[in-house]
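Asks: Encoded as structure tokens, here's the structure I'll be asking about.
Dropping the structure here:
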């Protein structure tokens, strides 16, 4: 099963690829005319990781330290 991305989505992906160089390969695959659902899911996951990466690590650290702390 495949589908086609709108021009607006392609432009957003191009913009994201400039901002997040580490996920360029996945985004470039998605910019082809025909995209599988698996590739689209990879793009979404990569963008989420790139945009939330630091925030998630900051959120997780206090939770881990609280769980490990005997005084809490």
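Residue numbers (my numbering): 110 to 181.
For each residue, glycine too, the CB sits at the ideal point set by N, CA and C.
Are the beta-carbon atoms of residue 140 and residue 122 separated by less than 7 Å?
Replies: yes
Asks: Does residue 120 pass the burial test, meaning 16 or more other C-beta atoms within 10 Å, or should it be called exposed?
Replies: exposed
Asks: For residue 158 and residue 151, I'd like the C-alpha separation in whole angstroms.
Replies: 10 Å
Asks: Cα separation between residue 118 and residue 124?
Replies: Rounded to the nearest angstrom, the two C-alpha atoms are 10 Å apart.
Asks: On the three-state DSSP scale, how would you describe residue 115?
Replies: coil
Asks: Just how far apart, CA to CA, sit residue 113 and residue 153?
Replies: 15 Å
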